[in-house]
Each structure stands twice: as C-alpha cells, then as structure tokens.
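Numbering (the UniProt record's numbering), first residue to last: 1 to 166. Beta carbons: idealized from backbone N, C-alpha and C, even for Gly. One structure below.
Pasting the structure below:
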C-alpha cells in the first residue's frame, strides 16, 4: 500500500493588483485559486517512511533540486527586471522558462511550481503566505524565492514569490 507525504502552501490574496500562476503535474499537485480569499497548493509524493533507502533516494532528489533552485534563482535575479513588465504573469512565466533554458518540471523533476505577484504604487506590498512542507535530511520540500522591484515615481513596486515543490 502506497503512503504519501504532503506539502501545502497557502497564499493570502490581495483585493486587487494580485496575480498567481501555477504549473504542475495534476497527479501530484492541486491548485485551488480564489478559495475564500486564499490560493492553496497541495502537493503529495509517494513515500514509505519506514524504508531507509526511500529516505536516501528522496534526500538525493531534494539535494539536486536545491542546486536547481540556486541556478533558477540566479536567472530570476538577473532576468526578471527585463520581464516583469510583460502584461500577464503567464507571459512572464513563459519568458522566464525560456531564459532558464530547462523545463522546470521535466528537467529539474519538480512536481509543480508557482509564481505570485503583488504590486502597488508607493509602500511596497508584501505577499503573505504560510507553507508546511515535509523535511528529509534538513531539507524542506518547498523552496521559496523572491524578487522585489522597488518601483519609482512612475512605476509600481512589485513583490514576486516563486515556489517550487518536490
């Protein structure tokens, strides 16, 4: 009998100037948008906690994914400034995927990933979220990255959060 471990991310929506994008394997991740003022992602993976080899295998996968997240973060930090002005978050995600040059789900073996964007003119916004992930070998199953565009007198301040699920 297969048992699973679960990870969950809950993001509080803003009333306006808020956007989310999700891309994932529907058998391992579920995305619930606009649910009582929250966006929720639930991920699951098969895992037998009694099997030491299974723990070792999953730990190695998570270590490789952490290295991938570090690579992706370099691309985000250098490229998102040129992409953030795209009119929609799905367009930003597609442009970012081209810049990364690898498929986040297939090449890096993530089950899903999401981008949240919130913007406002003056006083930069903050994206409020809580996550509950499972950990193996001191590694968390949900990686979170951020990028903030501080804006200007003629430009909104934007907060981006990128979430990657094992």
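Cβ neighbour criterion (16 or more within 10 Å) applied to residue i
i: residue 110; result: buried
i: residue 20; result: buried
i: residue 98; result: exposed
i: residue 63; result: exposed
i: residue 143; result: buried
i: residue 106; result: exposed
Proximal residues to residue i (C-beta, below 8 Å), its chain only, five neighbours per side dropped
i: residue 14; result: 118, 125
i: residue 5; result: 44, 45, 47, 49, 134, 141
i: residue 3; result: 46, 47, 48, 49
Among the options, the one whose alpha carbon lies nearest that of residue i
i: residue 29; options: 77, 108, 114, 95; result: 114
i: residue 139; options: 88, 129, 128, 55; result: 55
i: residue 22; options: 157, 94, 123, 107; result: 94
i: residue 121; options: 147, 92, 152; result: 152
i: residue 96; options: 51, 116, 72, 112; result: 72
Length of the line joining the Cα atoms of residue i and residue j
i: residue 165; j: residue 156; result: 29 Å
i: residue 78; j: residue 90; result: 19 Å
i: residue 37; j: residue 17; result: 14 Å
i: residue 148; j: residue 12; result: 18 Å
i: residue 162; j: residue 145; result: 5 Å
Contacting residues, own chain, Cβ-Cβ under 6 Å from residue i (five flanking each side not counted)
i: residue 102; result: none
i: residue 42; result: 8, 30
i: residue 92; result: 83, 86
7 Å CB neighbourhood of residue i in its chain, flanking five on each side removed
i: residue 10; result: 38, 40, 129, 130
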